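Below: the structure, in structure tokens.
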Ligand code: ADP
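Residue numbers (the UniProt record's numbering): 270 to 528.
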């Protein structure tokens, strides 16, 4: 049942991707088909012109291949292996990693609540998520400035953030004093492969993976951003009382549904 659940989560992630990439992929195919079509029509024309059209087709095909490679590696990404996680402790353990990744010109202020409620999440994915947010913050500040990583226990009403359920959550936020996001970027920020960064620098997968992770963990992600002032991204993770690893058995869920 656990393997099945993981498979479902994986398919959800892949499903999320398709909408975002179908459009890009179609554009690339149009370049390939168009290039070959023009080359065929010009077969008896100047060689240079035929070559040019074929080269265009080749370029489109190469970009499409790179896109599917990224898609496949994303689909193969690690399944969630949740355990009981203390967010304060996890963030405390990341300080060396953060310092090394961000460099000396970024000042990191860590502002942890006196204690954080336990959560039941995959600690590696949570660490990845925080690291991704910190890297985004660094990029937004052009490699220089200060950012704040904070934790807080919060009680939320239904739909207070996205389509969150009412309850207790641990809020982990990464706030920067960078460029901020204009409305058109904010609107597409969670879209897989959406990036405003130069080729080779951004993959456009950071926020979409964080979104998937938060949702699959029963939580949410919220973005607050003002152009020219900065951005704050918050991950909300549900409080858990589970002490030992939770096992989901079909029988148990059926019983629950009956009662
Ligand atoms: P990537 O960082 O690879 O581009 P993400 O999914 O993490 O992919 O982010 C998507 C886009 O959202 C970025 O290209 C950027 O335009 C915008 N963005 C993300 N985080 C921030 C931030 N802290 N400040 C400003 N813009 C941001």
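Don't be surprised by glycine CBs; every beta carbon is placed ideally from N, CA and C.
Bear in mind that the values here come from a model prediction, so they are computed numbers and not experimental data.
Reference residue i, options the options, closest by Cα
i: residue 353; options: 455, 291, 395 and 491; result: 395
i: residue 376; options: 463, 411 and 382; result: 411
i: residue 462; options: 325, 510 and 477; result: 477
i: residue 336; options: 298, 325 and 309; result: 298
i: residue 308; options: 364, 459, 323 and 415; result: 323
i: residue 401; options: 450, 293 and 504; result: 504
i: residue 349; options: 363, 491 and 398; result: 398
i: residue 406; options: 433, 367, 483 and 434; result: 367
i: residue 303; options: 325, 448, 473 and 502; result: 325
i: residue 490; options: 391, 459 and 296; result: 459
i: residue 433; options: 484, 500 and 457; result: 484
i: residue 446; options: 291, 468 and 416; result: 416
i: residue 341; options: 388, 305, 474 and 470; result: 474
i: residue 493; options: 457, 487 and 501; result: 501
Residue i beta carbon near the ligand ADP (any heavy atom closer than 7 Å)
i: residue 463; result: yes
i: residue 446; result: no
i: residue 481; result: no
i: residue 454; result: yes
i: residue 466; result: yes
i: residue 474; result: yes
i: residue 397; result: no
i: residue 442; result: no
i: residue 409; result: yes
i: residue 477; result: yes
i: residue 314; result: no
Residue i - DSSP class collapsed to helix/strand/coil
i: residue 318; result: helix
i: residue 550; result: Here the chain covers residues 270 to 528 and nothing more, so residue 550 does not appear.
i: residue 507; result: strand
i: residue 337; result: helix
i: residue 331; result: helix
i: residue 456; result: helix
i: residue 410; result: coil
i: residue 416; result: strand
Practice task
Flag this pair as touching only if the stretch 436–451 and the stretch 407–426 have three or more C-beta atom pairs under 8 Å; answer yes or no.
Solution key: A contact exists between the stretch 436–451 and the stretch 407–426.
Handout entry: Entirely enclosed alpha helix (DSSP H) segments - the stretch 468–505, minimum 4 residues
Key = The DSSP assignment places complete alpha helix (DSSP H) segments of no fewer than 4 residues inside the stretch 468–505 at 475–485, in order along the chain.
Problem - alpha helix (DSSP H) runs wholly inside the stretch 359–399, at least 4 long, in chain order - result: Within the stretch 359–399, the complete alpha helix (DSSP H) runs of at least 4 residues fall at 364–371.
Exercise for the section: Would you check if the stretch 325–340 and the stretch 370–387 touch, i.e. whether three or more CB-CB distances between them fall below 8 Å? Expected result: No: the two stretches stay apart, fewer than three of their Cβ pairs being nearer than 8 Å.
Exercise for the section: Output the residue ranges of the alpha helix (DSSP H) runs that lie fully inside the stretch 424–448 and measure 4 residues or longer, sorted by chain position. Expected result: Here no run is fully enclosed.
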